[in-house]
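Just so we're aligned: the sequence shown equals residues 1 to 330 in my numbering.
By construction, the Cβ of each residue, glycine as well, lies at the ideal position given by its N, Cα and C atoms.
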Amino acid sequence: MTHVTLIATGGTIASTQAAHGGPVSASVSGKDLLATLRTVPVGIDVTVDEFCNLGSNALDLATVHELLARIRTALAVPDCAGVVVTHGTDTMEESAFLSDILVDSPKPVVFTGSQRHASEPDTDGPHNMRDALIVAASPLARGLGTLILFEGDVHAARDVTKTHTSRVDTFRSPGVGKLGEVDCGAFYLYRRPVVRRTLPDQGLEERVELIKLCLGARPDYLEWCAANGTRGVIIEAFGRGNAPRGFAKAVERLVSRGTTVVITSRCPEGRTALIYGADGGAITLAEAGALFAEHLSGVKARLLLCALLGANAAPHAIRAAFNPPTPTAC
């Protein structure tokens with residue numbers, strides 16, 4: 001018998017509608033979720049941990065940090081093969097990414113949930129949960145880090161993102177694709193991540209802001225960050241990592257005050273690169289002291305910086321964590 005721990009956090013998978021047309025809210029326990037399966041996959045024994053029952057929009061960094069501790073506790077049990085976390089889809093990719101970088105274990109952690117709530121006759125929750133249990137129990141999943149399982153597809157937490165507000169196949173890994181899939185009750189692995197990096201968990205710094213740029217954006221908010229104790233700023237910039245005029249000088253002022261600034265791209269695929277100069281070009285932003293996040297999304301770059309600053313990492317360690325150590329010019 002293979003033992004898996006199911007940690008329930010709420011989300012749409014645990015939500016019901018009190019009356020037709022009424023509001024939907026998380027109300028179903030992890031134990032009752034498990035009972036919705038016609039049968040638990042053969043050979044798998046499940047222990048349920050009722051962590052919380054919230055929509056993932058209501059989670060915060062402190063709560064997710066507590067969740068990581070519960071995941072580690074479950075994985076530390078010698079006969080536990082892996083962990084499944086049921087979670088809302090809105091912030092699932094963020095919680096999963098934090099688990100991937102801060103939970104250092106070869107045992108798999110598999111996040112799953114649903115797009116259709118438990119009161120709907122065609123809810124996707126039970127089959128997602130069943131498939132997630134299969135992956136968590138599989139020896140093939142060892143060493144893959146934290147995963148997201150949805151509609152049979154298995155994605156690496158570092159790569160995956162929610163791409164549609166309501167489709168049941170919402171989770172995709174733009175530019176790289178899924179790691180594998182569950183089919184007919186078996187997990188098939190097609191590729192392994194080339195690199196997986198973990199950090200020591202010494203807390204999360206919450207004073208990290210994310211700014212998404214748009215046509216004609218002004219750098220005023222950077223000045224607000226400098227005046228209000230912000231320790232880190234992620235700028236989700238254009239294309240390869242470029243910004244409107246005025247941002248380079250604002251970044252320079254922010255960095256001179258001890259705030260870490262990281263540039264990522266608002267494009268869903270591709271990586272940042274130092275190509276353009278002039279006011280706001282990536283080269284100019286780098287000269288002003290900004291770091292570059294390569295292909296990490298803005299939300300994931302923010303979480304990585306939260307973890308690094310929470311550990312009081314030295315500037316060279318922060319630079320090294322955003323691979324490569326220094327941005328490469330094309």
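Taking DSSP's pairing of strands, which residues face residue i in a bridge?
i, result
"Thr-2", "Ile-44"
"Arg-172", "Thr-161"
"Thr-86", "Ala-8 and Thr-112"
"Asn-242", "Phe-238"
"Ala-26", "Ser-15"
"Phe-292", "Ile-263"
"Leu-54", "Gly-10"
"Val-182", "Phe-187"
"Cys-306", "None, per the DSSP bridge assignment."
"Asp-369", "The chain is shown only over 1 to 330; residue 369 falls outside these bounds and no answer can be derived."
Would you report the Cα separation of residue i and residue j, rounded to the nearest angstrom?
i, j, result
"Leu-68", "Arg-38", "29 Å"
"Leu-6", "His-127", "15 Å"
"Gly-180", "Val-109", "15 Å"
"Gly-246", "Cys-214", "14 Å"
"Gly-30", "Leu-274", "48 Å"
"Ala-8", "Glu-287", "46 Å"
"Ala-141", "Gly-10", "24 Å"
"Cys-267", "Leu-296", "10 Å"
"Ala-76", "Ala-58", "28 Å"
"Gly-82", "Val-160", "20 Å"
"Ile-283", "Ala-156", "31 Å"
"Ser-105", "Leu-222", "38 Å"
"Ala-313", "Arg-319", "10 Å"
"Thr-86", "Pro-315", "36 Å"
"Tyr-190", "Asn-228", "47 Å"
"Thr-326", "Leu-33", "Its pLDDT being 49, under 50, Thr-326 is placed unreliably in this model, and the value from its coordinates should be taken loosely. Roughly 47 Å between the two C-alpha positions."
"Glu-94", "Arg-158", "9 Å"
"Thr-36", "Val-28", "11 Å"
"Val-4", "Ser-56", "23 Å"
"Ser-114", "Ser-166", "10 Å"
"Thr-123", "Thr-91", "19 Å"
"Ala-250", "Thr-16", "47 Å"
"Glu-66", "Arg-72", "10 Å"
"Gly-21", "Thr-272", "45 Å"
"Phe-322", "Ala-278", "24 Å"
"Leu-98", "Phe-51", "17 Å"
"Ser-119", "Ala-74", "30 Å"
"Leu-61", "Asn-53", "16 Å"
Return the residue from the list the options that minimises the CA-CA distance to residue i.
i, options, result
"Thr-112", "Ala-307, Lys-300 and Thr-146", "Thr-146"
"Ser-25", "Arg-207, Ala-14 and Pro-219", "Ala-14"
"His-233", "Thr-259, Val-103, Glu-120 and Leu-144", "It should be pointed out that residue 233 corresponds to Val in this sequence rather than to His. Answer by Cα proximity: Thr-259."
"Val-40", "Glu-50, Pro-121 and Ala-137", "Ala-137"
"Tyr-276", "Pro-193, Glu-252, Ala-237 and Ser-256", "Ala-237"
"Ile-44", "Leu-189, Asp-32, Asp-79 and Ala-157", "Asp-79"
"Leu-304", "Leu-254, Arg-240, Gly-216 and Gln-202", "Gln-202"
"Leu-102", "Ala-18, Thr-16, Lys-212 and Leu-199", "Leu-199"
"Gly-185", "Pro-139, Val-135 and Glu-209", "Val-135"
"Ala-311", "Ala-248, Lys-212 and Leu-204", "Leu-204"
"Thr-47", "Leu-54, Asn-53, Glu-151 and Arg-70", "Arg-70"
"Arg-253", "Ala-290, Leu-61 and Gly-270", "Ala-290"
Around the Cβ of residue i, are there at least 16 other Cβ atoms within 10 angstroms (buried) or fewer (exposed)?
i, result
"Asn-242", "buried"
"Cys-306", "buried"
"Lys-300", "buried"
"Ala-317", "exposed"
"His-117", "buried"
"Asp-220", "exposed"
"Arg-240", "buried"
"Thr-2", "buried"
"Lys-107", "buried"
"Ser-265", "buried"
"Gly-88", "buried"
For residue i, would you say it is in contact with chain C, using Cβ-to-Cβ distances shorter than 9 Å as the test?
i, result
"Thr-146", "As a matter of chain content, chain C is missing from the structure shown, which is built from one protein chain."
Whole alpha helix (DSSP H) elements within the region 93-161, 4-residue minimum | 125-137
Runs of alpha helix (DSSP H) lying entirely within the region 185-263, each at least 4 residues, in chain order | 220-227 and 247-256
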